[in-house]
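These notes are about the structure you will find just below.
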Amino acid sequence: MITELEWLLRIFVAGILSGIVGWEREKHARAAGFRTLILVGMGCCLSMIVSLRIPELFSESTSYYLRIDPARIAYGVLTGIGFIGAGTIIKDRGSVRGLTTASCLWGVSTIGLAIGCGYYFLGISTTVLIMITLLTLRTIELKIPRDVYSRINIKFSEEDPKMLKEIFNEIENMGYKILEFSISELKDKKVYTAEIQCISKNEKDGITVLQGLKKFEKIIEIDFR
Numbered sequence: 000m001i002t003e004l005e006w007l008l009r010i011f012v013a014g015i016l017s018g019i020v021g022w023e024r025e026k027h028a029r030a031a032g033f034r035t036l037i038l039v040g041m042g043c044c045l046s047m048i049v050s051l052r053i054p055e056l057f058s059e060s061t062s063y064y065l066r067i068d069p070a071r072i073a074y075g076v077l078t079g080i081g082f083i084g085a086g087t088i089i090k091d092r093g094s095v096r097g098l099t100t101a102s103c104l105w106g107v108s109t110i111g112l113a114i115g116c117g118y119y120f121l122g123i124s125t126t127v128l129i130m131i132t133l134l135t136l137r138t139i140e141l142k143i144p145r146d147v148y149s150r151i152n153i154k155f156s157e158e159d160p161k162m163l164k165e166i167f168n169e170i171e172n173m174g175y176k177i178l179e180f181s182i183s184e185l186k187d188k189k190v191y192t193a194e195i196q197c198i199s200k201n202e203k204d205g206i207t208v209l210q211g212l213k214k215f216e217k218i219i220e221i222d223f224r
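Residue numbers for the sequence shown follow numbering that gives the first Met the number 0, so the first one is 0 and each next one is one higher.
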């Protein structure tokens, strides 16, 4: 028979393990940090404990129609964590931030559920693996070559196919590969906008791109992202 102290110990252990992961997120000033992950871990642990103890409420029931599934609350917890994780994801100017933090929230919730079931070894081992991933694999990740996507918006005063071709050539000479482009005309104004999506093998300096395109006199404005 598991004592009340044992149940409380599980919540305490879940809080410690979640706090270890939360410390790393707090150190990097993420939206879900130290306290948030502790609360998530302990809350998930308690949810699992409640799931396991619900049958105690009906231990004397003789009904043949009573079916208790301890896993249902765990399903609901993981679904709810998905909504919390979505709140940490930020999309800005074509880039997405917060995916790792959202993954940590989900990972901490599963650690809490594992500890709530009494699987201390699995919970502690998973915490160690998560910390190794967060602290050491970042260095390896930065060394992996990756494509860099950029967007260049150009406003110019006259639609000149020859000039556009020269602009495209200049962009490609700077190490970019043009994926697609579109041209639109502002109403009641003889101003055209070209939106160019391109890709490069390395991160490029936006100032270099701007200086390279400044030589075209008909260009009014350049926006590099």
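All residues carry an ideal CB built from backbone N, CA and C; glycine is no exception.
Check	Outcome
Can you name, in chain order, every residue of its own chain whose Cβ lies under 7 Å from the Cβ of residue 126, other than the five neighbours on each side?	16, 19, 20 and 110
How many angstroms separate the CA atom of residue 144 from the CA atom of residue 0?	55 Å
Do you know how far the Cα of residue 136 is from the Cα of residue 10?	29 Å
Could you tell me which whole beta strand (DSSP E) segments of length 3 or greater appear in the region 159-210?	176-184 and 191-199
What's the call for residue 2, buried or exposed, on a 16-neighbour Cβ count within 10 Å?	exposed
Thinking residue 13 and residue 87 are a contact (beta carbons under 8 Å), I'd like their distance in whole angstroms, please.	Not a contact, Cβ separation roughly 20 Å.
Based on Cα-Cα distance, which residue from 131, 116, 157 and 146 lies nearest to residue 69?	116
State the DSSP-derived secondary structure class of residue 221, mapped to helix, strand or coil.	strand
Taking the beta carbon of residue 35 as the centre, do at least 16 other beta carbons fall within 10 Å, making it buried, or is it exposed?	buried
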